[in-house]
Structure formats: C-alpha cells, structure tokens
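S.K.: According to the numbering used here, the sequence shown is numbered sequentially starting from 1.
Just passing along the structure, written as structure tokens.
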Amino acid sequence: MITGALRMTDSEQSSFLRPGKVVWLVLGGLLIYAVTLIVTVPAGWVWAKVAPQVPLPPQVQVFGVSGSLWDGAAGVAFDNRRFRLGWDFRAPSIVGPTLPVDFSLSSAQSDLEGNLTMEWPDRIDVAASGRVRVKEFEDLIRQSGGAVLKGDVSVDQLNLAWNDGRVEHVRGFARWPGGDVTWPMGGSYQTADLPPMEANITGADGLMSLVVAQAGQGEPAVEADIQPDGVLQIRVYKRLVDLAGQNWSGAAQPGDIIFRVSQPLLPGSAR
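Right, here's the structure in full:
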C-alpha cells in the first residue's frame, strides 16, 4: 500500500514538471514581462527615439514628454502657442484590430477632451467636446482679419474620421451665448452686440465647411470653407449686418452675400 502511494506521488510530480508545461510557463512569464515593459516604458524615452523620424510641421514643437507610453502627457507648441496633450490608452478591442485612447488638449484658458479610436492599418476616429476662450486667440484672429467674440465658444460635439492619410469626414456643433463682437473696419474697429449664435461644421475628402447662424434659425450669417490646400474662404451675408444692428447703404436682402475673402489659413499655405 505504501509503495503504491509513493509511486502515485512520483507520477504526479513527473506529470506536473513535464517539459511541455515548463516551456509554456516560461513563455507565459516572458509574455507578462514584455507586456509590463511596454506598459511602463517612459514616454519621454520613446519620443526621444522616434522624434527624428516624425515629420512635424515647422510650426509644431513637442516638449516635456512625461508619464508612460500608455498613460502620459506632453507639451505641444503651435506657432509659439503652448498646449498640453494628455492620453490614456484603454484595453484594445477583442472583436477587431482597434485601440481606444482617452485624450485631453488644453491651453491656458481653453480645453478639449474626448476619445480616439485607432483602427488598423490607418483609420482614426475622434469624438470630442470642450470650451474655447476666444480672447486667448485674439492675436491670430486679428492677423487673419476676423471678428473677436467676447466670452467662450462651447464645442458640444466634434466627430472626425481620418483615413488613409486624409480627413474622411468631419461633423460638429458649437454654441456662443452672444455679446460684444469687434471686427476691423478701414483703419479702426467696429463693435456690436450680437444675439446667441451657433455653428455647424461639416466636411468630407479634405474640405471643411462652417455655417454660422443665429441660434434656433437656419439661415446662414457667415459661411467659411477650408480647402484641402489650406486656403480659407469666407462669405458674409447681409443677415449678419442686420443682426448686428448696423446700417447698410445698398439694397441687399438678408440672404445676399455682401463680403467675400480668400486667404491662406496658416502662414505658408498654398494660395
């Protein structure tokens, strides 16, 4: 009886330590180590390695990369204006080759946050919302000859799909509660009080369009298009003059275009 028990124990030990199981245990340990290494690798170290191969526009600089590759933050300077970008990768999908990421983008007074889904091989979907303090970007608006709004613009929703190296489609909605608006007129500036306004953003195949109208109304006051070559085209309707309570010498109707401009959105864009 005792001999039989000893033989049974030896057999169990031999079965547990058979070579195949040892190999799987080693491979499992190596896999856990590799995943842990990838998850905890410093983002700054990774950026230092890949930065020379990343073709950033000349107006963009990346600095202060911190945290890990999967949960970190970095400073981004665009045309000498600083932003903070944060990211947090979530568990990848088990039904397809997708990787979701929560992100945030903030400046001194504005912020945007949402989620981004990367789908193999080269598709990216973005959903975001946030708040833009217009005063913060007054210098850029003045340079382009635009109007400066008082207060914040709320971005309620912004959906963007990037596929095969280009913007596939864009859809968004933003609101402004109304207030003072200042714009250049000749050698000086004019100011008026506007009612609450809203903006719809649409786009496909690299072309983006913005329609600004009085809140709750469908008729456009301003329309703007960004062409694939980076050229901004703006059309202002007589309706905007009426909303601002300004006089107009002509006999134009509210739906008539009274002003057009076409110029590069950024310095160096094609004309």
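Backbone N, C-alpha and C fix where the C-beta goes; we use that ideal spot for every residue, glycine too.
Below 8 Å between beta carbons: does that hold for Asn80 and Pro100?
M.R.: The answer is no: Cβ separation not under 8 Å.
S.K.: Quick one: measure Cβ to Cβ for Arg123 and Ser107, integer angstroms, because I've assumed they're closer than 8 Å.
M.R.: Actually they are not in contact, since the Cβ atoms of Arg123 and Ser107 sit about 28 Å apart, beyond 8 Å.
S.K.: For the beta strand (DSSP E) that Asp88 lies in, which residues bound it at each end?
M.R.: Where Asp88 is concerned, the enclosing beta strand (DSSP E) stretches over 81-89.
S.K.: Figure out for me which residue from Glu168, Val65, Thr191 has the closest Cα to the Cα of Val126.
M.R.: Per the Cα distances, Glu168.
S.K.: How is the beta strand (DSSP E) around Asp152 delimited, first residue to last?
M.R.: Here the beta strand (DSSP E) through Asp152 covers 152-163.
S.K.: Do Gln253 and Lys238 count as a contact pair if the criterion is CB distance below 8 Å?
M.R.: Contact flag set, yes.
S.K.: Could you check whether Ser209 and Asp225 sit closer than 8 Å to each other, using their CB atoms as the reference points?
M.R.: In contact: Asp225 and Ser209 (Cβ atoms closer than 8 Å).
S.K.: Is Met185 buried or exposed, if buried means 16 or more other CB atoms sit within 10 Å of its CB?
M.R.: Its Cβ having fewer than 16 others within 10 Å, Met185 is exposed.
S.K.: Assign Ser110 to one of two classes, buried (16 or more other C-beta atoms within 10 Å of its C-beta) or exposed (fewer than that).
M.R.: Counting Cβ neighbours within 10 Å, Ser110 comes out buried, since at least 16 surround it.
S.K.: Report the three-state DSSP secondary structure of Gly245 (helix, strand or coil).
M.R.: If DSSP states are grouped into helix, strand and coil, Gly245 belongs with coil.
S.K.: Measuring alpha carbon to alpha carbon, tell me which residue in Gln59, Lys150, Arg175 is nearest Gln157.
M.R.: Nearest option by C-alpha distance: Arg175.
S.K.: What do you get for Gly199, buried or exposed, if any count of 16 or more other CB atoms within 10 angstroms of its CB means buried?
M.R.: Inspection of the sequence shows that residue 199 is occupied by Ala rather than by Gly. Label assigned to Ala199: buried.
S.K.: Cβ atoms of Val65 and Gly72: under 8 Å apart, would you say?
M.R.: Yes; because the gap between Cβ atoms is below 8 Å, this pair is in contact.
S.K.: Within the same chain, show all residues whose beta-carbon is closer than 8 Å to that of Ala270, passing over the 5 residues directly before and after it, in chain order.
M.R.: Any answer about Ala270 is weak, because its pLDDT of 48 lies below 50 and its placement is not dependable; what the coordinates show is given next. Result list for Ala270: Asp229, Gly230, Val231, Pro264, in chain order.
S.K.: According to the Cβ coordinates, are Val132 and Gly151 closer than 8 Å?
M.R.: Not in contact: Val132 and Gly151 (Cβ atoms no closer than 8 Å).
S.K.: Assuming Val153 and Glu138 form a contact by the criterion Cβ under 8 Å, report the distance between their Cβ atoms to the nearest whole angstrom.
M.R.: At roughly 13 Å, the Cβ-Cβ gap does not stay under 8 Å, so Val153 and Glu138 are not in contact.
S.K.: Please list the terminal residues of the continuous beta strand (DSSP E) segment that includes Gly44.
M.R.: Careful: Gly44 lies outside any beta strand (DSSP E), inside the alpha helix (DSSP H) at 43-50.
S.K.: Which partner residues of Gln288 appear in the DSSP bridge assignment?
M.R.: Because the chain spans 1 through 271 in this model, residue 288 falls outside it and cannot be assessed.
S.K.: Which residues mark the beginning and the end of the alpha helix (DSSP H) in which Glu138 is found?
M.R.: Residues 138-143.
S.K.: Drop a sphere of 10 angstroms on the beta-carbon of Ala91, count the other beta-carbons inside from all chains shown, and report buried for 16 or more, exposed for fewer.
M.R.: So Ala91 counts as exposed.
S.K.: Just confirm the distance between the C-beta atoms of Phe103 and Trp120, as a whole number of angstroms; I'd bet it's less than 8 Å.
M.R.: 19 Å between Cβ atoms; not a contact.
S.K.: Determine the direct distance from the alpha carbon of Trp45 to that of Ser68, and round the result to whole angstroms.
M.R.: Distance between the alpha carbons of Ser68 and Trp45: 9 Å.
S.K.: Hey, how far is the Cα of Ala128 from the Cα of Phe173?
M.R.: Cα to Cα, Ala128 sits roughly 11 Å from Phe173.
S.K.: Enumerated in chain order, which unbroken segments of the beta strand (DSSP E) with a length of 3 residues or greater are wholly contained in the stretch 187-228?
M.R.: Correct list: 188-194, 197-204, 207-214, 220-226.
S.K.: Find the nearest neighbour of Leu56 within the set Val41, Phe78, Trp70, Gly146, judged by alpha-carbon distance.
M.R.: Out of Val41, Phe78, Trp70, Gly146, Phe78 has the C-alpha closest to the C-alpha of Leu56.
S.K.: Please report the distance separating the alpha-carbon of Ala74 from that of Trp183.
M.R.: Their Cα atoms are separated by approximately 35 Å.
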